[in-house]
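For the sequence shown, the working numbering assigns the number 41 to the initial residue and increments by one for each residue that follows.
Below is one structure; the comments refer to it alone.
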Amino acid sequence: MVILVTGATGLIGCELVKKIHEKNHTVHYLTTSKTKIVNQPHYKGFYWNPSQGKIDENCIYGVDVIIHLAGANIAKRWTSAYKQVIIESRTLSGDLLFNLVKKVPNQVKQIISASGTAIYPESFTVMYDENTTEKEDSFLSHVVQKWEASVNPFRVLGIKVCTLRTGIVLANHGGALPEMVKPIKAGLGAVMGSGKQMQSWIHINDLVALYVYALEHQWEGVYNAVSPNPVNNQQLTKAIAFVLHKPLWLPAVPQFVMKLLLGEMSYLLFSSKYLSAQKALDAGFQFQHPEIKEAIAHLYA
Ligand SMILES: NC(=O)c1ccc[n+]([C@@H]2O[C@H](COP(=O)([O-])OP(=O)(O)OC[C@H]3O[C@@H](n4cnc5c(N)ncnc54)[C@H](OP(=O)(O)O)[C@@H]3O)[C@@H](O)[C@H]2O)c1
């Protein structure tokens, strides 16, 4: 099989490409950076620039499935200009892929797109699943809604659309976890606010396995990409401290302090997303790292 991956050079993409290669599939990938283009037998890079509407059309030849991960990093200060970049890097890229598949003869059968959990309502106690129609009214929720709306049109071309609403991805070489680990390692770790905000998370190995499972089983529709055991911020902070054998002695960091430091982006630390993994489980997916302490120990011990 030939799989076209966008965002293949990022945290999730790099691990996903390894997993796809283990399964003996070929990867074509789109990158905005010409210096990241390589041309190997099973790993071929192609240039695109969604903000300028540019794409190397050769990327689509022979492709069976598209995996769309590209998007500007959300963990940078949310100025109004950068907010636009966060949105457009997802919507214009989706539009560009759609227009390419519409225009050029191809054999694409499925697109699997990354998506986010911000779309769900804030919740401390009620677990939400994919059938939830209520949506949070926040910047990031609007990003997710526009992002999903940009891939849904593939359906009119007879292509299956699957969106993986992904929780906090736990990896030891990027994303949120190393940022949480740093102060705890230095003996300066602390819970954020009340610590009660729920954090639906997933180990990176489970996430890339889920992508491969979604393509092997031709999933269609929305799936939460979260572990079956979400924890709150206090439990997550304590689990990291436990694995690293570090004490937690500082008082909790008040929300207003982080808001002063990070602005609106402090949302990422305090929003509470309590999500179900039942749909993926019912579809037969088995998590290798469903428990938070084991998952962190696997990454850091
Ligand atoms: N990591 C998480 O915890 C998490 C959680 C939920 C959802 N997600 C979503 O999953 C996707 C992949 O996440 P990740 O952690 O692997 O992200 P990442 O490490 O930041 O990588 C994203 C990739 O997107 C491409 N990109 C960056 N800015 C772009 C732009 N302006 N236009 C087009 N492409 C751009 C880059 O590839 P090139 O430089 O090769 O172009 C980059 O390697 C993202 O959309 C992210 O929002 C991640």
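All C-beta atoms, glycine included, are put in the ideal place defined by N, C-alpha and C.
heavy atom of ligand 1 below 7 Å from residue i C-beta
i	result
G134	no
V266	no
T119	no
S270	This sequence places Pro at residue 270; Ser is not what is there. P270: no, Cβ never under 7 Å from ligand 1.
V125	yes
K76	yes
S73	yes
G229	no
Beta-carbon contacts of residue i that lie in its chain and below 6 Å, excluding the five residues immediately before and after
i	result
V67	I43, V45, V57, I60 and Y83
I244	E55, V209 and A211
V266	G207, S240, I242, L315 and A317
A279	I332, K333 and I336
Minimum C-alpha distance to residue i - residue among the options
i	options	result
S133	V191, L217 and M232	V191
W118	K186, T72 and M305	M305
L339	M238, L180, D177 and P218	P218
S178	S311, A320 and L321	S311
Q258	I107, G53, K76 and G50	I107
Y168	P145, Y263, L288 and E62	Y263
I114	N171, M298, L180 and G102	L180
For residue i, the three-state DSSP class (helix, strand or coil)
i	result
K142	helix
G215	coil
I107	strand
Y340	helix
G261	strand
I95	strand
K319	helix
8 Å Cβ shell around residue i - same chain, five flanking residues per side excluded
i	result
K186	I127, R130 and T131
G111	G47, I126, S129, R130, S133, A154 and W187
Stretch pair the region 133 to 151 + the region 200 to 211: three plus CB contacts closer than 8 Å: yes
field: Meets three-Cβ-pair contact criterion under 8 Å: the region 213 to 225 and the region 157 to 167
entry: no
- prompt: Counting Cβ pairs, one atom from each stretch, are 3 or more of them under 8 Å apart for the region 321 to 328 and the region 246 to 256?
  reply: yes
task: Would you be able to state if there are at least three C-beta pairs under 8 Å between the region 66 to 81 and the region 254 to 271?
output: no
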